[in-house]
Amino acid sequence: MKSLLLLGGGGHCHACIDVIEAEAMYRIAGIIQPPADGMESILGYQILGSDEDLPSLLTQIPLALITVGQIKSPETRKRLFSIIKKNGGQLPVVKSPDAYCSRHATLGEGTILMHGSLINANACIGENCIINSHALIEHDARVAAHCHVSTGARINGGVSISEGCFIGSGAVIREGVEIGSGAIIGAGQIVMRDVPSGQIVRHRYD
Amino acid sequence: MKSLLLLGGGGHCHACIDVIEAEAMYRIAGIIQPPADGMESILGYQILGSDEDLPSLLTQIPLALITVGQIKSPETRKRLFSIIKKNGGQLPVVKSPDAYCSRHATLGEGTILMHGSLINANACIGENCIINSHALIEHDARVAAHCHVSTGARINGGVSISEGCFIGSGAVIREGVEIGSGAIIGAGQIVMRDVPSGQIVRHRYD
Amino acid sequence: MKSLLLLGGGGHCHACIDVIEAEAMYRIAGIIQPPADGMESILGYQILGSDEDLPSLLTQIPLALITVGQIKSPETRKRLFSIIKKNGGQLPVVKSPDAYCSRHATLGEGTILMHGSLINANACIGENCIINSHALIEHDARVAAHCHVSTGARINGGVSISEGCFIGSGAVIREGVEIGSGAIIGAGQIVMRDVPSGQIVRHRYD
Chain E
1 MKSLLLLGGG GHCHACIDVI EAEAMYRIAG IIQPPADGME SILGYQILGS DEDLPSLLTQ
61 IPLALITVGQ IKSPETRKRL FSIIKKNGGQ LPVVKSPDAY CSRHATLGEG TILMHGSLIN
121 ANACIGENCI INSHALIEHD ARVAAHCHVS TGARINGGVS ISEGCFIGSG AVIREGVEIG
181 SGAIIGAGQI VMRDVPSGQI VRHRYD
Chain P
1001 MKSLLLLGGG GHCHACIDVI EAEAMYRIAG IIQPPADGME SILGYQILGS DEDLPSLLTQ
1061 IPLALITVGQ IKSPETRKRL FSIIKKNGGQ LPVVKSPDAY CSRHATLGEG TILMHGSLIN
1121 ANACIGENCI INSHALIEHD ARVAAHCHVS TGARINGGVS ISEGCFIGSG AVIREGVEIG
1181 SGAIIGAGQI VMRDVPSGQI VRHRYD
Chain H
2001 MKSLLLLGGG GHCHACIDVI EAEAMYRIAG IIQPPADGME SILGYQILGS DEDLPSLLTQ
2061 IPLALITVGQ IKSPETRKRL FSIIKKNGGQ LPVVKSPDAY CSRHATLGEG TILMHGSLIN
2121 ANACIGENCI INSHALIEHD ARVAAHCHVS TGARINGGVS ISEGCFIGSG AVIREGVEIG
2181 SGAIIGAGQI VMRDVPSGQI VRHRYD
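Chains as they are written, first to last, in this note's numbering: chain E, 1 to 206; chain P, 1001 to 1206; chain H, 2001 to 2206.
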């Protein structure tokens, strides 16, 4: 079993640990987390250091997953992705055994499928994405790199989501809609037409 | 393994192929799809002809599933259902192994349970329905023939949905509510009271 | 296999029976249900008497689950819980094999996880709760005793729900939000900020 380094020790990391343990494909070597409050471990896994220790740790443990959450901005996760790659590290694809992923779908490196998520036929997910618990990516949909599709969101057939988007919990994107890069779709929004890059959708978008 | 003919080669067909492959109960013989753009196969399955070839194909392959989607109107799916029956064909019930169906529920012929859908105790689903990915049909609910319950919709306990309805993605129908035949419930609608036949619900219905 | 008494024979009981049968951990001894319309059994299980027979039945069958539903008020379920405890009875934790429960989560006695529900890492659920079909309790969330999290509701990371709340079907509670005791969140509500005790939320709560 390969060793895996986790980058970020907050709440999303707790959920990632649960998925990694359930998948039983990797041994968690420890967690990179800024020192705080004398905390030494998270769910039983050792804190190994902070961001500045990352380059030297990656020479020992080259496989790393970004376990920082993504509320709105993708910048922290993009920066960590870049540091891992620059230091010769690699990112696995992690899939909960409680998720379903079509054999006709593709997933980019560093992407995680949380429990109960579903990726249907012909869907294509980019690198470094979070497909969160109970989220649905329907047939022929495309989610570009560095996106977070939050809990229970539904991305319907043929939807296209560009890089760095946040799709809030329980949001519904109508089939065929295109979402521009960096857009933020609030929790529970119902998106019935295209959304330009960088736009924030906080109220229904008919 | 029996051979199965698929009628309709669009996006919903991609998702149906994924379910049929996952269930591993039927061998897909090929797809009926109007000729377009020189396309010869869909996810590796041959296009066998168009609607006019259907009667003769059904004599060779009598088992057929309607894989045309249903946005709003059920007419195309009803027409194909009638053609299959008139030509002596039969329609299987198809269930994703990633769906849950209570042993106390009943499903009509030609109905498909997509991945992650859930049919609870005492529920009754008519013929030729699509219960789409992550959709929920709760205990004691009734869904009549030729309905499409779209992705992630929730049909709560004791709800009754009459023939030919469309329930949009992420819609919630309150327990005990009755939906008249041919009604269209938009994506994300929250339906708290009965809906007459033929009505279109596009805004919350409190 | 231990015998289990069910208290309440309505629609929610049908769904509970399906979960208990699927889990195959307990033998259903029968159902406590007020006499009505000459009904003698529910999904094949015998009606054993009404509430007044409960103390004597509990001496024979000390394990009991409350299968009365909870729309809004938790009082009936709290009263039954108290009667079981006063008469020396015990309540099991019942989990659908189609639910996912993290090994880092805790569940109180008498709580049931319905099909397709998901309890993530570090979540803590109190006693006598219904976590209904397709409901999601995310990492680090807390649900106190006597709550009903209805079908498809999403309780996001770190949310805290106090005793006796009702969270309606398809509702979304934003990460970190606190819901006061006895609050009622309507179906499909999107709750973005804290809710005081006893409050009824019927329209979006931004």
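Don't be surprised by glycine CBs; every beta carbon is placed ideally from N, CA and C. Keep in mind that this is a model prediction, so the values were computed, not measured.
Chain-ordered neighbours of H/ILE2017 on chain P, where CB pairs are closer than 7 angstroms = ALA1121
Are the C-beta atoms of P/GLU1138 and some chain H residue less than 8 angstroms apart?
-> yes
Should H/SER2197 and H/GLY2186 be called a contact, given that it needs their Cβ atoms to be closer than 8 angstroms?
-> no
Report, in whole angstroms, the separation of the C-beta atoms of E/SER41 and E/ILE47, which I expect to be a contact under 8 angstroms.
-> 6 angstroms
Unbroken stretches of the alpha helix (DSSP H), 4 residues or longer, contained in the stretch 79 to 149 of chain E = none
Proximal residues, the stretch 1032 to 1043 of chain P versus chain E, C-beta separation under 9 angstroms = LEU1043
If we count the other Cβ atoms within 10 Å of its Cβ and call it buried at 16 or more, is P/PRO1035 buried or exposed?
-> exposed
Do you know how far the Cα of E/LEU80 is from the Cα of E/PRO74?
-> 10 angstroms
Taking E/ASP98 as the query, report the chain H residues whose CB atoms sit under 7 angstroms from its CB, ordered along the chain.
-> TYR2100
Report the neighbours of P/ASN1132 on chain H: residues whose CB is nearer than 9 angstroms to its CB, in chain order.
-> Here the premise fails: no neighbours, minimum Cβ distance about 13 angstroms.
Step through the CB atoms of chain P and report whether any lies within less than 8 angstroms of the CB of E/VAL159.
-> no
Three-state secondary structure (DSSP) at E/VAL191?
-> strand
What residues from chain H crowd round E/GLY170, counting only those whose CB sits closer than 8 angstroms?
-> ARG2154, GLY2170, VAL2172, ILE2190
Which listed residue (H/GLY2157, H/VAL2094, H/GLU2127) has its alpha carbon closest to that of H/HIS2146 | H/GLU2127
Endpoints, the beta strand (DSSP E) within which P/LEU1006 is located = 1002 to 1007
Inspect the CB distances between the stretch 191 to 205 of chain E and the stretch 1009 to 1017 of chain P and report whether three or more fall short of 8 angstroms.
-> no
Name the DSSP beta bridge partners of H/ARG2154, please?
-> H/LEU2136, H/VAL2172
Note down, in chain order, each residue of its chain lying with its Cβ closer than 6 angstroms to the Cβ of P/PHE1166, except the 5 sequence neighbours on either side.
-> LYS1072, HIS1148, ILE1184
Pair every Cβ in the stretch 85 to 95 of chain E with every Cβ in the stretch 134 to 144 of chain E, then say whether three or more of these pairs are closer than 8 angstroms.
-> no
Find out if the Cβ-Cβ distance for the pair P/VAL1019, P/HIS1115 is shorter than 8 angstroms.
-> yes
Select from H/ALA2105, H/CYS2129, H/GLY2110 the residue whose C-alpha is nearest the C-alpha of H/ALA2121.
-> H/ALA2105
Rounded distance between the beta-carbons of E/LEU58 and E/LEU4, thought under 8 angstroms = Actually they are not in contact, since the Cβ atoms of E/LEU4 and E/LEU58 sit about 12 angstroms apart, beyond 8 angstroms.
Spell out whether any CB of chain H is found under 8 angstroms from the CB atom of E/THR151.
-> yes
Under 8 angstroms Cβ to Cβ from H/VAL2094, same chain only, skipping five residues before and after it: list those, please.
-> CYS2016, VAL2019, ILE2020, GLU2023, MET2025, TYR2026, LEU2065, THR2111, ILE2112, LEU2113
What first and last residue would you give for the beta strand (DSSP E) that runs through E/ILE28?
-> 26 to 32
Interface partners of E/GLY116 on chain A, CB under 7 angstroms | The structure shown contains no chain A; its protein chains are E, P and H.
Buried or exposed: where does P/HIS1203 fall if 16 or more other Cβ atoms within 10 Å of its Cβ makes it buried?
-> exposed
Can you find a CB in chain H that lies within less than 8 angstroms of the CB of P/HIS1012?
-> no
Got a sec? Which residues, its chain only, sit under 7 angstroms from P/ILE1028 by beta carbon, not counting five neighbours each side?
-> LEU1004, LEU1006, ILE1017, ILE1020, TYR1045
Could you give the distance in angstroms between the alpha-carbon of H/VAL2159 and the alpha-carbon of P/GLY1030?
-> 49 angstroms
Beta carbon proximity, H/ALA2135 to chain P, threshold 8 angstroms = no
Residue closest to P/VAL1143, alpha-carbon to alpha-carbon, out of P/ARG1174, P/ARG1154, P/SER1150, P/ILE1161 = P/ILE1161
In angstroms with no decimal places, state the Cα-to-Cα distance between P/ALA1123 and E/VAL172.
-> 26 angstroms
Look at the Cβ atom of H/SER2169, then the Cβ atom of H/GLY2182, and state whether they are nearer than 8 angstroms.
-> no
CA-CA distance, H/TYR2100 and P/GLY1049?
-> 44 angstroms
Would DSSP call P/GLN1060 helix, strand or coil?
-> helix
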